[in-house]
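Colleague:
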Amino acid sequence: MTTALLSHPDCHDHVTPDGHPEQVARLHHVLSALEGKDLLRTEAPMADDDAILRCHPQAHIDALRAALPQAGFAPLDADTFLSPGSLDAAYRAAGAAVRAVDMVMAGEAQNAFVACRPPGHHAETTQPMGFCLFGTVAIAAKHALEVHGQSRIAIVDFDVHHGNGTQDLLWDEARALFVSTHQMPLYPGSGAADERGAHGQITNIPLAAGTDGGRYRRIMAERILPLLDDFAPEMLLISAGFDAHEDDPLASINLSTEDFGWITAELAAAADRLCDGRIVSCLEGGYDLPALAASTAAHVDALIAAGAR
Ligand code: ZN
1 MTTALLSHPD
11 CHDHVTPDGH
21 PEQVARLHHV
31 LSALEGKDLL
41 RTEAPMADDD
51 AILRCHPQAH
61 IDALRAALPQ
71 AGFAPLDADT
81 FLSPGSLDAA
91 YRAAGAAVRA
101 VDMVMAGEAQ
111 NAFVACRPPG
121 HHAETTQPMG
131 FCLFGTVAIA
141 AKHALEVHGQ
151 SRIAIVDFDV
161 HHGNGTQDLL
171 WDEARALFVS
181 THQMPLYPGS
191 GAADERGAHG
201 QITNIPLAAG
211 TDGGRYRRIM
221 AERILPLLDD
231 FAPEMLLISA
241 GFDAHEDDPL
251 ASINLSTEDF
261 GWITAELAAA
271 ADRLCDGRIV
281 SCLEGGYDLP
291 ALAASTAAHV
301 DALIAAGAR
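Each residue of the sequence shown is one higher than the one before, counting from 1 in this note's numbering.
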């Protein structure tokens with residue numbers, strides 16, 4: 001079966017100040033790297049408020065809308081900015097993830113990659129932060145649980161930063177396994193191994209600066225895959241950040257482009273044995289543009305290979 005690619009031009013209209021790492025050019029590089037690949041290209045809808053409200057209160061949406069500038073930028077914190085198009089972009093990102101879940105559940109696609117921005121995994125229940133406005137991957141998980149009646153959704157977050165937002169949004173959700181690998185210490189500072197969630201369903205795996213692909217591959221084999229096998233999810237969601245790449249300027253983990261392909265293939269093999277290969281992967285970070293493009297291509301190639309099995 002096929003691999004879906006969901007994106008939308010609105011995601012280019014979330015503009016950040018000059019020099020900001022989470023820049024419009026990221027998505028251009030990602031989409032260019034995926035040109036010519038055998039993908040079911042799908043325009044992302046805006047998320048319904050119902051989908052957002054499974055993770056964030058109305059007050060969060062209202063606060064973002066009230067802060068939206070008519071022109072220029074509105075800072076939400078030292079790192080996180082709104083431009084006039086930011087909220088529509090965030091609705092597209094969440095809508096893409098929700099639609100991707102629908103497509104994979106319906107068998108319209110074997111798996112899917114959501115190439116949207118802003119990213120999502122740092123957005124907490126009432127706190128946009130870390131370049132993120134809505135908790136995209138958590139919204140997708142809640143959609144799978146509540147709308148599709150699933151009972152076990154797993155999320156693997158290999159972005160180099162801790163997915164504090166996903167953890168916050170799913171802290172009490174026994175039906176969602178959340179596994180995050182991340183450099184520590186590093187922004188946002190959370191993600192210690194003793195943060196386990198209300199039901200012990202969260203596993204944080206902090207990585208020391210300098211962790212390389214060999215070490216990461218052992219962690220995959222010894223920690224991540226056994227957790228997935230034990231949980232037996234009905235769908236696997238991925239927070240796919242590529243800022244653990246050795247060329248990334250924001251962190252000091254030394255994964256290669258090939259490592260991202262290998263990681264994806266391992267996760268896809270797990271999904272094959274556990275949940276009929278159902279995967280929805282959402283773009284998170286990745287700030288060296290050539291490394292981001294190459295790593296995303298390796299990631300999506302592995303999804304395509306899995307979908308063709
Ligand atoms: Zn990151």
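Just so it is clear, CB atoms sit at the ideal spot from N, CA and C, and this is done for glycine as well.
(1) Beta-carbon separation of leucine 170 and alanine 141 under 9 Å?
(2) Grab the span of the beta strand (DSSP E) containing leucine 177 for me, first residue to last.
(3) Check whether the Cβ of leucine 27 lies closer than 8 Å to any heavy atom of ligand 1, and answer yes or no.
(4) If we ignore side chains and look at the alpha-carbon of each, how far apart do serine 295 and valine 30 end up?
(5) Helix, strand or coil for threonine 42, going by three-state DSSP, please let me know.
(6) For arginine 92, collect the residues of the same chain with a Cβ closer than 7 Å to its Cβ; drop the 5 residues on either side in sequence, then sort them by chain order.
(7) Would you identify the three-state DSSP class for leucine 237, choosing helix, strand or coil?
(8) For a test of your reading of the model: does the CB of aspartate 159 fall under 8 Å from any non-hydrogen atom of ligand 1? Yes or no.
(9) Would you report the Cα separation of leucine 27 and glycine 286, rounded to the nearest angstrom?
(10) In the region 36 to 86, which residue ranges form an unbroken beta strand (DSSP E) of at least 3 residues, counting only runs that do not cross its ends?
(11) Alpha carbon to alpha carbon, how far is glycine 120 from glycine 241?
(12) Does ligand 1 have even one heavy atom less than 8 Å from the beta-carbon of aspartate 243?
(13) Rounded to whole angstroms, what is the Cα-Cα separation between glutamine 110 and leucine 236?
(14) Which of the three DSSP states is assigned to alanine 297 in this structure?
(15) Should leucine 292 be listed as close to ligand 1, given that the test is whether its C-beta is under 8 Å from any heavy atom?
(16) Residues bridged to valine 101 by DSSP?
(17) Any heavy atom of ligand 1 inside 8 Å of the beta-carbon of glutamate 35?
(18) Only counting the same chain, and skipping five residues up and downstream in sequence, which positions put a Cβ closer than 6 Å to that of threonine 211?
(19) If we ignore side chains and look at the alpha-carbon of each, how far apart do alanine 25 and alanine 291 end up?
(20) Over what stretch of residues does the alpha helix (DSSP H) that includes alanine 270 continue unbroken?
(21) How many Å lie between serine 239 and glutamine 70 at the Cα?
(22) Is any non-hydrogen atom of ligand 1 found closer than 8 Å to the C-beta of glycine 72, if you look at the structure I gave you?
(23) Is the distance from the Cβ of leucine 227 to the Cβ of leucine 186 below 9 Å?
(24) Taking all protein chains shown into account, do 16 or more other C-beta atoms lie within 10 angstroms of the C-beta of glutamate 284, making it buried, or fewer, making it exposed?
Modeller: Put simply:
(1) In this structure, alanine 141 lies closer than 9 Å to leucine 170 by Cβ.
(2) Its beta strand (DSSP E) spans residues 176 to 183.
(3) Outside the cutoff, so no.
(4) Approximately 9 Å between the Cα atoms of the pair.
(5) When DSSP states are grouped into helix, strand and coil, threonine 42 belongs to the strand group.
(6) These residues qualify, in order along the chain: His8, Asp10, Cys11, Ala44, Met46 and Cys116.
(7) Three-state result, leucine 237: strand.
(8) Ligand 1 has a heavy atom closer than 8 Å to the beta-carbon of aspartate 159.
(9) Spanning the two alpha carbons is a distance of roughly 10 Å.
(10) Counting only runs of 3 or more residues that sit fully inside the region 36 to 86, the beta strand (DSSP E) segments are 40 to 43, in chain order.
(11) Going from the Cα of glycine 120 to the Cα of glycine 241 covers about 10 Å.
(12) Within the cutoff, so yes.
(13) Looking at the two C-alpha atoms, the distance is approximately 12 Å.
(14) Alanine 297 carries a helical assignment under DSSP once its states are collapsed to helix, strand and coil.
(15) The closest heavy atom of ligand 1 lies 8 Å or more from the beta carbon of leucine 292.
(16) DSSP output for valine 101 lists no bridge partner at all.
(17) Using a cutoff of 8 Å, the CB of glutamate 35 does not count as near ligand 1, since none of the ligand's heavy atoms is closer than that.
(18) Listed in chain order, the non-local C-beta contacts of threonine 211 below 6 Å within the same chain comprise Ile253, local neighbours out to five positions each way being set aside.
(19) A straight line joining the alpha-carbon of alanine 25 with that of alanine 291 spans about 13 Å.
(20) 257 to 275 is the span of the alpha helix (DSSP H), which, as asked, contains alanine 270.
(21) Spanning the two alpha carbons is a distance of roughly 31 Å.
(22) Between ligand 1 and the CB of glycine 72, the shortest heavy atom gap is not smaller than 8 Å.
(23) At least 9 Å separates the beta-carbon of leucine 227 from that of leucine 186.
(24) Under the 10 Å beta carbon count, glutamate 284 is surrounded by 16 or more other beta carbons and is classified as buried.
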